[in-house]
Structures are given as C-alpha cells and as structure tokens.
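Novice:
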Amino acid sequence: MKTFKILKTVLIISLISLSLSACTQDKIIPFSELPTTIQTYVKNHFPNNEIVQVEVDYEGLTKEYDIILSDNIKLEFNSKNNIKSIEAKSKLPNSVIPEKIMEYVETNYPNNFIVEWDLDTKHQSVELNNGIELEFTLKGAFLRIDD
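Here it is in structure tokens:
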C-alpha cells in the first residue's frame, strides 16, 4: 500500500512537471509590446541599431525577454525587466558596462574591448574581443580571469 502511494505521488509530480514544461513557450512580439523600461533601455543604449526580433520566453509563471538587434547584438532581460546579458560580435557601448568594470578593462586591456556582459545573482562577467573572460563582484571589483 505504501509503495502504491509513493508511486502515485511520483506519477502526479511527473505529470505536473511535464505539463508545466509543455506550457513553456516562446512568442515573437512587436517591440511596442515590451515593457516601457526595456524599450527605454534599448532606445538609450542602442539608438542606431534596428530591432530584428523580440521574443518573450514563458518559464512557468515568469517571463523573460530576448531581443536581437542589427549588427547581431543580443539582449536578455529577466522577469523583473532588468538587463541580464548582452552579447555582440563588435564592441559594446560603454554606457551598458558598469563604470568600475569599464575602468578595469581600459586600464588592464587597453588594446581590447568588451563584446559580452553577463549578470547573475553572485557576480558579473565580461568577455573581451580576444576571448578572455573576466569575472567581477556585483559591485564591479575584479575577482579573476575565468578559464
């Protein structure tokens, strides 16, 4: 009887997980349907880039936004509409990089530039055009070169 209850519970949890993952979907939307804070961010920092695609990612009850701009620039915003990742093939605008990180890169890598910036809950990181990845604290203090 106990085995049956456990098996039933596992089956129910599996079905719920499967149905939630089936609900996970991506949807292409017009730029005008983005939250105003995201629209403002894009217009302020990438005024010369055209919007190629805007996608909303539904993850369970939350949604995140992926934006592709001309010049192959990719932006990711979290469920709170904050930027969490920027990726490009060319130099990112200085305005999107935290000041302390920008100063560190300009001082220590004067012949290179930042092509990617990521933010997570514990740190931020950048990738330079030479492939070197640097890790920083949330406040912008250098931590290490990430291999």
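If you read the sequence shown in numbering that gives the first Met the number 0, its first letter stands for residue 0, the second for the next number, and so on. C-beta: ideal position from N, C-alpha, C; glycine also. Treat the numbers as computed from the prediction; the structure is a model and nothing was measured.
1. Mind checking who Thr61 pairs with in its DSSP beta bridge?
2. I need the straight-line Cα distance from Thr61 to Ser89, nearest angstrom please.
3. With a CB to CB cut of under 8 Å and the five nearest residues on each side skipped, what residues in its chain are close to Asp145?
4. Taking DSSP as the reference, what is the three-state secondary structure of Ala21?
5. Of all the beta strand (DSSP E) runs that stay within the bounds of the segment 87-145, which reach a length of 3 or more residues?
6. Comparing alpha-carbon positions, which option in Leu91, Leu74, Val95 lies nearest Ser84?
7. To the nearest angstrom, report how far apart Leu114 and Ser94 are at their CA atoms.
8. Taking 6 Å as the limit between beta carbons, can you name the residues of its chain near Asp117, skipping five residues before and five after?
9. Between which two residues does the beta strand (DSSP E) harbouring Lys42 extend?
10. Go to Glu75, then tell me how far its beta strand (DSSP E) extends in each direction, as first and last residue.
11. Just how far apart, CA to CA, sit Asn111 and Ile96?
12. Could you work out which residue in Asp65, Leu91, Tyr108, Gln38 is closest to Asn77 when comparing CA atoms only?
Specialist: Taking the definition as stated:
1. DSSP lists Glu58 as partners of Thr61.
2. Their Cα atoms are separated by approximately 31 Å.
3. Cβ neighbours of Asp145 beyond the five flanking positions: Ser124, Glu132, Leu133, Glu134.
4. Unreliable positioning characterises Ala21 in this predicted model, as indicated by a pLDDT of 46, which lies under 50. A coordinate reading is not provided.
5. As far as the segment 87-145 is concerned, its whole beta strand (DSSP E) runs of at least 3 residues are 113-118, 123-127, 132-135, 141-145.
6. The alpha carbon of Ser84 has as its nearest neighbour, out of Leu91, Leu74, Val95, the alpha carbon of Leu74.
7. In the sequence on display, residue 114 carries Val and not Leu. Approximately 13 Å, taken between the alpha carbons.
8. Here Asp117 has Ser84, Ser124 as same chain residues with Cβ atoms under 6 Å from its own Cβ, once five neighbours each way along the sequence are excluded.
9. Where Lys42 is concerned, there is no enclosing beta strand (DSSP E), although the alpha helix (DSSP H) it sits in stretches over 35-44.
10. First-last of the beta strand (DSSP E) with Glu75: 72-76.
11. Taking the straight line joining both Cα atoms gives about 14 Å.
12. Ranking Asp65, Leu91, Tyr108, Gln38 by Cα distance to Asn77 puts Asp65 first.
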